[in-house]
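Using the numbering used here, read the sequence shown as starting at 3 and increasing by one per residue.
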Amino acid sequence: MEKIYTDSKVELTPFISKHYDSILNIASFGLYKKFIHSAIADMTIQADNHILDFGCGTGRNSCIMHQYLSDKGFITGIDLSPVMLNQFKDNCAPHNNTEAIQQRIDIDFDLEKRYDIVFTSFVIHGFPHNIREQIIKNAYRHLKQGGQFMILDFAEFSLKEMPFFYRIPFKIIECKYAFDFIERDWKAILTDYGFGNFEEKLYFKNYARLLKATKI
Ligand SMILES: C[S@@+](CC[C@H](N)C(=O)[O-])C[C@H]1O[C@@H](n2cnc3c(N)ncnc32)[C@H](O)[C@@H]1O
3 MEKIYTDSKV ELTPFISKHY DSILNIASFG LYKKFIHSAI ADMTIQADNH ILDFGCGTGR
63 NSCIMHQYLS DKGFITGIDL SPVMLNQFKD NCAPHNNTEA IQQRIDIDFD LEKRYDIVFT
123 SFVIHGFPHN IREQIIKNAY RHLKQGGQFM ILDFAEFSLK EMPFFYRIPF KIIECKYAFD
183 FIERDWKAIL TDYGFGNFEE KLYFKNYARL LKATKI
């Protein structure tokens, strides 16, 4: 399958998609599990929240978020990849208040529902910047007033100042869009699109961040 964005590394092959969770566990030496649980705890999800997960992948994160919800809460996972969505459906099968929809986040769309949280985890860095702006507009549209866009992704840092033992693997593994993502001022960008009241939590020696931006 041809990539939509040539240099993207968030558009995964069917093989990588099928084994995504295992690959992440192995590549992170098991650290990812602890990290994602603490990042999702830091979201302070309310029991009745309706959450839209942009680029939901296998549903692993959605299943963890679901632990914070009552029957009044709901999770919609959207993703480009049918291989990912099938895993989402299997993983979230025990939960009636979840759904998986095939939907690209990089084009203008409207699910005609408004959410308390739009969450996206390690997706938005993987696009050219003008496309990220469309993703931000889509997040804004799908939020209720006062709802929060929560971006879990790389933090802001200078690649040049990163120690070589992190920089070399980062440069090998990550796509060139990520190099541009880390150098940008995300609070300023989100402010231009109508967000404010920012909160952030940093992880992995400050190289990863949960950024919460409120629709104001
Ligand atoms: C690096 S994975 C992250 C998956 C998940 N968010 C997680 O943290 O486990 C990137 C995900 O984004 C999805 N994706 C890539 N491009 C997309 C697009 N244009 N629209 C929707 N999903 C997309 C991929 O199919 C994949 O599931």
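Note that CB positions come from ideal geometry on N, CA and C, so glycine has one too.
Computed from a prediction, not measured in an experiment: that's the story for all the values here.
Fill in: For residue 157, the three-state DSSP class (helix, strand or coil)
coil
Discussion item. Taking the alpha-carbon of residue 54 as reference, which of 171, 161, 119, 88 has the nearest alpha-carbon?
Written reply: 119
Fill in: With 16 other Cβ atoms within 10 Å as the buried cut-off, status of residue 105
buried
Item to complete: Can you grab the Cα-Cα spacing for the pair residue 84 / residue 137, in whole Å?
Response: Taking the straight line joining both Cα atoms gives about 20 Å.
Worksheet item: Roughly how many angstroms separate the alpha carbons of residue 5 and residue 174, rounded to a whole number?
Response: 19 Å
Item to complete: Return the chain-ordered ranges of every alpha helix (DSSP H) run that is complete within the region 25-49 and spans a minimum of 4 residues.
Response: DSSP runs (the alpha helix (DSSP H)) wholly in the region 25-49: 33-43.
Worksheet item: Between residue 131 and the rest of its own chain, which residues show a CB-CB distance below 7 Å, the 5 nearest in sequence each way excluded?
Response: 182
Worksheet item: Between residue 32 and ligand 3, is the CB less than 6 Å from at least one heavy atom?
Response: With respect to small molecules bound, the structure shown includes ligand 1 and not ligand 3.
Worksheet item: According to DSSP, which residues form a beta bridge with residue 13?
Response: Looking at the DSSP assignment, residue 13 forms no beta bridge with any residue, so it has no partner.
Worksheet item: Where does residue 98 land, buried or exposed, given buried means 16+ other C-beta within 10 angstroms?
Response: exposed
Worksheet entry | residue 13 versus residue 44: straight-line alpha-carbon distance, rounded | 27 Å
Worksheet entry | the region 181-201 in contact with the region 20-35 per 3-pair CB rule at 8 Å | no
Worksheet item: In angstroms, rounded to a whole number, what distance separates the CA positions of residue 48 and residue 67?
Response: 10 Å
Worksheet item: Between which two residues does the alpha helix (DSSP H) carrying residue 208 extend?
Response: Unbroken run through residue 208: none, as it is neither H nor E.
Worksheet entry | Inter-residue spacing [alpha-carbon to alpha-carbon] between residue 80 and residue 184 | Put simply, the backbone Cα of residue 80 is about 24 Å away from that of residue 184.
Practice prompt. Would you check if there are 3 or more beta carbon pairs closer than 8 Å linking the region 156-173 to the region 198-217?
Written response: yes
Worksheet item: Can you pull the DSSP bridge partners for residue 197?
Response: 217
Practice prompt. Over the uninterrupted beta strand (DSSP E) stretch that includes residue 101, give me the two end residues.
Written response: 100-104
Worksheet item: Going along the chain, which unbroken runs of the alpha helix (DSSP H) with 4 or more residues stay wholly within the region 63-139?
Response: 84-93
Practice prompt. Below 8 Å on the Cβ atoms is my guess for residue 102 versus residue 87; work out the distance and round it to an integer in Å.
Written response: 5 Å
Practice prompt. Return yes when at least one heavy atom of ligand 1 lies under 6 Å from the C-beta of residue 82, else no.
Written response: yes
Item to complete: Could you give the DSSP three-state label for residue 187: helix, strand or coil?
Response: coil
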